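So the structure is just underneath, and the comments pick up after that.
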Amino acid sequence: MARATARHILVASEDQASDLKAQIEAGADFAELARQHSTCPSGRQGGDLGAFGPGQMVKEFDQVVFSAPVGTVQGPVKTQFGFHLLEVTSRED
Numbered sequence: 001m002a003r004a005t006a007r008h009i010l011v012a013s014e015d016q017a018s019d020l021k022a023q024i025e026a027g028a029d030f031a032e033l034a035r036q037h038s039t040c041p042s043g044r045q046g047g048d049l050g051a052f053g054p055g056q057m058v059k060e061f062d063q064v065v066f067s068a069p070v071g072t073v074q075g076p077v078k079t080q081f082g083f084h085l086l087e088v089t090s091r092e093d
């Protein structure tokens with residue numbers, strides 16, 4: 001069964017997510033931005049969500065985590081919770 005580890009930043013607006021993604025692409029630290037801006041409790045751990053399998057996260061999240069290249073920041077991804085930036089940190093298929 002597939003397993004992945006990922007981290008994310010959850011914010012209220014697509015504009016904020018896009019701005020944070022631009023900062024990351026310019027060299028800002030993902031974990032530090034997660035601690036400063038993420039509204040998810042995982043933000044305190046730099047956005048780390050630990051390991052999980054398909055179906056354990058919302059559908060939009062799963063689709064990205066189990067298809068995106070490892071180590072690249074994806075998003076903004078809209079879910080019922082807001083807008084996410086996602087980074088798959090490892091995946092076993």
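UniProt numbering numbers the first residue of the sequence shown as 1 and each following residue consecutively. The beta-carbon is built from N, C-alpha and C at its ideal position, and this holds for glycine as well. In this text, all values refer to a predicted model and were calculated from it rather than measured experimentally.
By the Cβ neighbour-count rule, residue 44 is exposed, with fewer than 16 other Cβ atoms within 10 Å of its own.
Taking all protein chains shown into account, residue 51 has fewer than 16 neighbouring C-beta atoms within 10 Å of its C-beta and is therefore exposed. In the three-state scheme derived from DSSP, where H, G and I count as helix and E and B as strand, residue 70 is classed as coil. One Cα belongs to residue 55, the other to residue 21, and the distance between them is close to 26 angstroms. By a beta-carbon distance limit of 8 angstroms, residue 89 does not contact residue 61. Their separation comes to about 14 angstroms. Of 57, 86, 38, 70, the smallest CA-CA separation from residue 10 is found for 38.
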